[in-house]
Structures are given as structure tokens and as C-alpha cells.
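Just so we're aligned, residue 774 is where the sequence shown starts under this note's numbering, counting upward by one.
Some notes on the structure that comes next.
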Amino acid sequence: MSDDCIFCSIVAGDIPGRIVAETDDALAFLDANPMARGHTLVIPKGHHQRVADLSSEESRAVFDLVHDLAPRIEHAVGADAHTIGVNDGPDAGQEVPHAHVHIIPRFEGDGGGPIHVAAGERPDVSDEELDDIAAGISED
Ligand code: 5GP
Ligand code: ZN
Numbered sequence: 774m775s776d777d778c779i780f781c782s783i784v785a786g787d788i789p790g791r792i793v794a795e796t797d798d799a800l801a802f803l804d805a806n807p808m809a810r811g812h813t814l815v816i817p818k819g820h821h822q823r824v825a826d827l828s829s830e831e832s833r834a835v836f837d838l839v840h841d842l843a844p845r846i847e848h849a850v851g852a853d854a855h856t857i858g859v860n861d862g863p864d865a866g867q868e869v870p871h872a873h874v875h876i877i878p879r880f881e882g883d884g885g886g887p888i889h890v891a892a893g894e895r896p897d898v899s900d901e902e903l904d905d906i907a908a909g910i911s912e913d
């Protein structure tokens, strides 16, 4: 728990949140400034900024809840699809420093884009570089 974290305050019940689901290690509530009807945030109850900071139990709890909730949200708001994503770190656009998964319902013709737009321009990557990157990740 971090004293000056808005999401920790929601977990503690100190500020109101429209909670839609709760498990031992994870909590889900509606985004207060939604990008679409039904926009939901799923968080670990413990305070961690980045996805990699979560324990594997917390990670499982968060992503299990995402898996559970996505069809329920879709049904509740009549969505056609979802964009599910994490702004994992300030340079990726994370504003609240408590890890959270966005579940954003999507509707046919809603004017939004795919997640591909999130990273800006595509780099020109050679096959050799792709091989090196794959090796670097798998050997880590
Ligand atoms: P980020 O940019 O960190 O990935 O997204 C933070 C999200 O948290 C935003 O979509 C924002 O609308 C939402 N948010 C910020 N403050 C609050 C709050 O006090 N309550 C709720 N329910 N959502 C919040
Ligand atoms: Zn927190």
C-alpha cells in the first residue's frame, strides 16, 4: 500500500470506486474517465508500478480476472470486441503508478484504432536484427 496512490486508496475503500469484481489479490473497477462505455481497470491489490514487479501469484490473479471479465463486460455493454492493454511505465503513457490492465470495450465503427498505433512509427528491422533480438530475449 502506498499512501499517495489513488488506486491503493480504492483498494483500501478510502475513496469510492465502481468495483465490478474482487478476488484475494486483484480488484476491478470502472475507469472514472472512460474511453468507452464499460472501460474497466484490473489491478493487483498490492502496490507495484510495473507488470514485472508483480509476483507470479498477483500476475495470475490480475490476468485471470481480465480473462473472466472481458466477456462479462462485452455482454453488459453490448460491445463487439475489446482492446486490452497496459501502459507499462511512464514512457508508455502510464499516469497512475499502480499497475493496471485496461479493458476497453470496442464497438463496430467506433472510430478507434488498433493497438498497433500505440508505439508510433514502425522501425525498419532487418531479418538479422530480428534474429539478434529474439536471441537476446530468449537468452536473458
Ligand atoms: P494510465 O494512463 O495510467 O494507463 O491510465 C490511468 C487510468 O486511470 C485513466 O484511464 C484514468 O481515467 C483512470 N483514473 C485516474 N484516476 C482515477 C480514479 O480516481 N478512479 C478511477 N476509477 N479511475 C481513475
Ligand atoms: Zn497503489
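We put the CB at the ideal spot given by N, CA and C, even for glycine.
When DSSP states are grouped into helix, strand and coil, G909 belongs to the helix group.
Note on the region 793 to 863: whole beta strand (DSSP E) runs with a minimum of 3 residues are 799 to 803, 813 to 817 and 854 to 858, in chain order.
Straight-line spacing of the CA atoms in D853 and E847 works out to 7 Å. The Cβ-Cβ distance between I877 and A809 falls below 9 Å. DSSP, read as helix, strand or coil, puts V869 in coil. A distance of 9 Å or more separates the beta carbons of D864 and A872. In terms of CA proximity to D804, H875 leads the group V824, H875 and S899. DSSP places I877 in the strand class (E or B) of the three-state scheme. Here the alpha carbons of D776 and G811 stand approximately 28 Å from one another. The DSSP-derived three-state label of C778 is coil. Residues lining ligand 2 by the Cβ criterion, that is a Cβ closer than 5 Å to any of its heavy atoms, are S775, C778, F780, C781, H820 and H871 in chain order.
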